[in-house]
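Those letters in the sequence shown? Residues 0 to 296, by numbering that gives the first Met the number 0.
Written out below as C-alpha cells is the structure these notes cover.
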Amino acid sequence: MAEAHHQIYLEDKLKEVRESGRLEYRSKALPTWCPGCGYFAMAGGVPAALNALAIAPQDTVVVSGIGCSSRFPFFVNTYGFHTLHGRVLPVATGVKVANDDLTVIAVGGDGDGFAIGGGHVPHAARRNIDITYLLFDNGIYGLTKGQTSPTSAIGFRTPTSPYTNPDQPLNPLLMVLSYGATWVGQAFAGHPQQLEDLIRQAIAHRGFSYLHILSPCVTFDKTDKTYDRLEQRVRELPANHDPRDFAAAMRQAMDVETPPMGLLYVADRPTLADALEGIVAKAGGAEKRPRKVAKAA
0 MAEAHHQIYL EDKLKEVRES GRLEYRSKAL PTWCPGCGYF AMAGGVPAAL NALAIAPQDT
60 VVVSGIGCSS RFPFFVNTYG FHTLHGRVLP VATGVKVAND DLTVIAVGGD GDGFAIGGGH
120 VPHAARRNID ITYLLFDNGI YGLTKGQTSP TSAIGFRTPT SPYTNPDQPL NPLLMVLSYG
180 ATWVGQAFAG HPQQLEDLIR QAIAHRGFSY LHILSPCVTF DKTDKTYDRL EQRVRELPAN
240 HDPRDFAAAM RQAMDVETPP MGLLYVADRP TLADALEGIV AKAGGAEKRP RKVAKAA
C-alpha cells in the first residue's frame, strides 16, 4: 500500500512539473552531483525562478567557474559559459556589457568565488553590473576531494589538514555588502522553496545581486556544514528587519553562529550599463538603445 501511494505521489509531482513549464529550462544532461548534494536545490530553483519571471531560455546566459557547482550550465537549457577557475564574474560582465537585454546568472562555489576569484567580486559589486551571482558555500573544495576553502571553519579537519584548519574563515556577506552590492540575500539548500523565491527576487533586481547559499557537501563534510547542523543553526530574519537599512544588514551579516535567511539588503542605484550609456551620450555617440520591459519580481 505504501509503495502504491508513493508511486501516485511521484506521478502527481511529475505531472505538476511538466505542466508548470519548468522542464523547458532543463537540458537533457543529468546532474552528476553526489546523491544528497545541496546543489540539486539550484537545479530546481533556477528553472523555477526563470519560469516564474517568464524569461525565455534563449534570453538567459549561465556563466560558471570551476568546481562542483560550476557544472550547472550543462544542466540547464540556456546559453552557457563554463569558464576558467575564479573568472566567472569577468566573463559574466563581458556578456552583460555586450548585450544588456540578456539575463545573466553567474554560478560558483566558495573556493572559486572567494579564493582565486576573490579579487573580481568587489569590482562587479561596486560597478553594480546587472548580473545575479549565486554563490554556493559548502566550506570545502569538493571537486578536488575535500581541501579547506576560504569559508572553512577553524578546527575543521580535512584530508589535507589532518591536524585541523588554523585559518579564520571569510564572511562573504559582510564583504559583498561593504563592496556596494545592491541586493544581498542568504538561503539554505535544505529550504528549497525559500531558495527558489530568493533566486527569483535576485534575478528580478536590476543591479548586482548576490545570493549566498549554504549548501552541504554530503561526501567530504560529515561534521560542520551538514543538513542537520545547519537546520539547527539557521534562522529567519526578524519580521521587522528593513532591507533598505544598510547598518541593520551589516549587523545581521555578522551573525555566523545563527545565520539569517532571507533578503538582507536592497538598494536602487544606476547600473554599469546606465553609466556607460550616459558616457556615450556625452561623447555624442549613438542614441540610447531601447530595452526590453523590466523584469517583474
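We put the CB at the ideal spot given by N, CA and C, even for glycine.
Bear in mind that the values here come from a model prediction, so they are computed numbers and not experimental data.
Considering residue i, what are the terminal residues of the alpha helix (DSSP H) in which it resides?
| i | result |
| --- | --- |
| THR92 | 87-97 |
| GLY116 | Counting along the chain, GLY116 falls outside any alpha helix (DSSP H), and DSSP gives it neither H nor E. |
| ALA247 | 245-252 |
| LEU271 | 271-281 |
| ALA42 | 39-51 |
| PRO121 | 120-125 |
| SER177 | 171-178 |
How many Å lie between residue i and residue j at the Cα?
| i | j | result |
| --- | --- | --- |
| LEU283 | SER68 | For the sequence presented, residue 283 should be read as Gly rather than Leu. Approximately 43 Å, taken between the alpha carbons. |
| SER160 | ASP220 | 13 Å |
| GLU15 | ALA51 | 14 Å |
| CYS33 | ALA274 | 43 Å |
| ILE7 | LEU262 | 36 Å |
| GLU2 | GLY35 | 22 Å |
| LYS27 | ALA248 | 40 Å |
| GLU10 | GLN231 | 32 Å |
| GLY117 | ILE54 | 29 Å |
| MET41 | ARG126 | 26 Å |
| LEU172 | THR77 | 28 Å |
| SER148 | GLN57 | 34 Å |
| TYR162 | GLY93 | 42 Å |
| ALA97 | ARG228 | 43 Å |
| ASN164 | ILE212 | 22 Å |
| VAL265 | ALA124 | 13 Å |
| HIS122 | TYR178 | 8 Å |
| VAL87 | ALA105 | 6 Å |
| ARG70 | GLU23 | 19 Å |
| ASP99 | HIS204 | 14 Å |
| VAL292 | VAL103 | Note on VAL292: pLDDT 48, under 50, position unreliable in the model; no value is reported. |
| THR82 | PRO89 | 10 Å |
| SER151 | ARG268 | 33 Å |
| LEU142 | THR218 | 10 Å |
| ARG243 | LEU271 | 21 Å |
| GLY206 | GLN167 | 30 Å |
| ALA114 | LEU169 | 10 Å |
| ARG253 | VAL183 | It should be noted that the sequence gives Met, not Arg, for residue 253. Near 13 Å, if we compare the C-alpha coordinates of VAL183 and MET253. |
| LYS95 | GLU256 | 36 Å |
Tell me the residue span of the beta strand (DSSP E) that contains residue i.
| i | result |
| --- | --- |
| PRO259 | 259-265 |
| SER208 | 208-213 |
| VAL183 | 182-187 |
Residue i bridges to which residues according to DSSP?
| i | result |
| --- | --- |
| ALA105 | VAL62 and TYR132 |
| PHE80 | VAL62 |
| ILE202 | Answer is none; ILE202 lacks a bridge partner. |
| TYR140 | GLN146 |
| ARG234 | PRO259 |
| THR157 | SER160 |
| VAL75 | ARG25 |
Would you call the CB atoms of residue i and residue j closer than 8 Å?
| i | j | result |
| --- | --- | --- |
| GLY301 | ASP109 | The question about residue 301 has no answer, for the chain in this structure spans 0 to 296. |
| ARG199 | ALA91 | no |
| VAL60 | GLY43 | no |
| THR131 | ILE65 | no |
| ASN258 | VAL233 | Residue 258 is actually Pro in this sequence, not Asn. Yes. |
| ALA186 | LEU176 | no |
| ARG25 | PHE74 | yes |
| LEU210 | LEU101 | no |
| PHE39 | PRO30 | yes |
Please find out if some non-hydrogen atom of the ligand SAH comes closer than 7 Å to the beta-carbon of residue i.
| i | result |
| --- | --- |
| LYS224 | For the ligand SAH, the structure offers nothing, since it holds no ligand at all. |
| said: Taking contact to mean 3 or more Cβ pairs, one atom from each stretch, closer than 8 Å, check whether the stretch 130-139 and the stretch 215-230 are in contact. | reply: yes
| Cβ contact check for the stretch 184-194 and the stretch 273-281: 3 or more pairs under 8 Å | no
| query | Counting Cβ pairs, one atom from each stretch, are 3 or more of them under 8 Å apart for the stretch 226-242 and the stretch 153-167? | reply | No: the two stretches stay apart, fewer than three of their Cβ pairs being nearer than 8 Å.
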